[in-house]
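Novice: In the numbering used here, the protein residues as written are 2 to 190. Backbone N, C-alpha and C define an ideal beta-carbon position, used for all residues, glycine too. Take this structure, written in structure tokens, and hold onto it; I'll ask about it next.
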């Protein structure tokens, strides 16, 4: 019992050091364990992480989804290369001895990879269309005037009876007119 407690006491500082030193955006261990096989996925990982960091959409919880995206890109490229080298159809020998043409099975691999790439690109806004959709959702979410969890609703009268001052409107990135708009004129008479 005491030995286990001593071991746990000694192991905790080492675990803490590893946790603080660990890069949350390092390539997944699956990629690092077979770098030759996942060479293209590692390149896509680096590019994707850099791009998401620039866009401000990077969170360490996204690592599995980003890894799936990277593997799908590698599979898609490999399938395209195979199709280019071997064609859209392949000769297959039947048990009877004659041959017939059938679709290249890599067409299905390419199709599945394309679907995965599109789904993951939509999640992270990795194309102009998906980026616009993501901005639209983020803009809508920011534009919602919600009260604080434990505070009064915006504009609602406070306990003293005076109306609370209105909250400043948040800038909507999709509404460019907010930046060019001016305050309304004061009282005319």
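Are there three or more Cβ pairs, one per stretch, closer than 8 Å when the region 93 to 111 is compared with the region 73 to 81?
Specialist: Contact holds: three or more Cβ-Cβ distances are below 8 Å.
Novice: CB-CB under 6 Å to residue 49, same chain, minus the five flanking residues each way: which ones, in chain order?
Specialist: Position 48 of the chain shown, counting from 1, holds the residue named residue 49. Hits under 6 Å: 67.
Novice: Which residue marks the beginning of the beta strand (DSSP E) containing residue 49, and which one marks its end?
Specialist: What you label residue 49 is simply residue 48 of the chain shown in a count that begins at 1. No beta strand (DSSP E) holds residue 49; the alpha helix (DSSP H) holding it covers 40 to 56.
Novice: With distances taken Cα to Cα, identify the nearest neighbour of residue 122 among 43, 30, 33, 70.
Specialist: Along the chain shown, one-based indexing puts residue 122 at 121. The option with the nearest alpha carbon to residue 122 is 70.
Novice: Of the residues 40, 81, 31, 64, which one's Cα is nearest the Cα of residue 125?
Specialist: Taking the first residue of the chain shown as 1, we reach residue 125 at position 124. With distances taken between Cα atoms, residue 125 lies closest to 64.
Novice: Grab the span of the beta strand (DSSP E) containing residue 103 for me, first residue to last.
Specialist: Position 102 of the chain shown, counted from the first residue, corresponds to residue 103. Residue 103 -> beta strand (DSSP E) spans 100 to 104.
Novice: Does the beta-carbon of residue 104, which I'm using as the reference point, lie nearer than 7 Å to any heavy atom of the ligand SAM?
Specialist: Among the components of this structure there are no ligands whatsoever, and the ligand SAM is therefore not found.
Novice: I need the boundaries of the beta strand (DSSP E) containing residue 90, first residue and last residue.
Specialist: Position 89 of the chain shown, counted from the first residue, corresponds to residue 90. It spans 90 to 94 - the beta strand (DSSP E) in which residue 90 sits, taken as one unbroken run.
Novice: Quick one, which of 35, 140, 104, 136 has its alpha-carbon nearest residue 84's?
Specialist: One-based indexing of the chain shown puts residue 84 at position 83. Ranking 35, 140, 104, 136 by Cα distance to residue 84 puts 104 first.
Novice: Within a Cβ cutoff of 8 Å, which residues of the same chain sit near residue 87, ignoring the five residues on either side of it in sequence?
Specialist: In the chain shown, the residue the question calls residue 87 occupies position 86. 105, 107, listed in sequence order.
Novice: Between the C-alpha atoms of residue 37 and residue 47, what's the straight-line distance to the nearest angstrom?
Specialist: Looking up residue 37 in the chain shown gives position 36. Looking up residue 47 in the chain shown gives position 46. Using only the alpha carbons, I get a separation of about 15 Å.
Novice: Please classify residue 89 as buried or exposed, where buried requires at least 16 neighbouring CB atoms within 10 angstroms.
Specialist: Start at 1 with the first residue of the chain shown, and residue 89 comes out as number 88. Flag for residue 89 reads exposed.
Novice: Label residue 72 either buried or exposed according to how many other C-beta atoms from any shown protein chain fall within 10 Å of its C-beta, with 16 as the threshold for buried.
Specialist: The residue given as residue 72 occupies position 71 in the chain shown. Buried is the call here.
Novice: Compare the C-alpha of residue 80 against each of 57, 94, 115 and name the closest.
Specialist: Counted from its first residue, the chain shown places residue 80 at position 79. Taking only the C-alpha atoms, the option nearest residue 80 is 115.
Novice: Can you tell me whether residue 24 is helix, strand or coil according to DSSP?
Specialist: For the purposes of this step, residue 24 is taken as the residue at position 23 of the chain shown. In the structure shown, residue 24 sits in coil (DSSP, three-state: anything other than H, G, I, E or B).
Novice: Is the beta carbon of residue 32 closer than 8 Å to that of residue 43?
Specialist: Numbered from 1 along the chain shown, position 42 holds the residue referred to as residue 43. Numbered from 1 along the chain shown, position 31 holds the residue referred to as residue 32. Yes, the pair counts as a contact, with Cβ atoms nearer than the cut-off.
Novice: Nearest to residue 55 by alpha carbon, out of 186, 127, 134, 185?
Specialist: Working through the chain shown from its first residue, we reach residue 55 at position 54. Per the Cα distances, 127.
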